[in-house]
Amino acid sequence: MEKLLLSEQVKKFMDYAVDTLKAMDGAPDHNEQEKAEVLNRISILKEYLKDVERSYLENSPADTSAPVDPGYITEVGHS
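In full-length UniProt numbering, the protein residues as written are 1 to 79.
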């Protein structure tokens, strides 16, 4: 499976989110099948959001700085 760019992941998520919102129209009158369909779409939407997060993390710089030693902060009198 080809890896999508971050912008493509976001577009995929947003397009599906808009379609999901449309499927929610008339929610008070939904029958069980319509309700199940919307809940399934929400579940898929959550997976798409995870894909967006993963893509973002893969495309953002890693934190390469060394963590500050709490003992050092105590020694110099700052907290």
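Every residue, glycine too, gets a C-beta built ideally from N, C-alpha and C.
Minimum Cα-Cα distance from Gln9 among the listed residues Ala27, Pro28 and Arg54 corresponds to Arg54.
The DSSP assignment places 6 to 24 as complete runs of the alpha helix (DSSP H) inside the stretch 2 to 49, in order along the chain (cut-off: 4 residues).
Nearest C-alpha to Ala23 among Glu34, Asn59 and Lys50: Glu34.
Put simply, the backbone Cα of Leu21 is about 33 Å away from that of Pro61. Around the beta-carbon of Val52, 16 or more other beta-carbon atoms lie within 10 Å, marking it buried.
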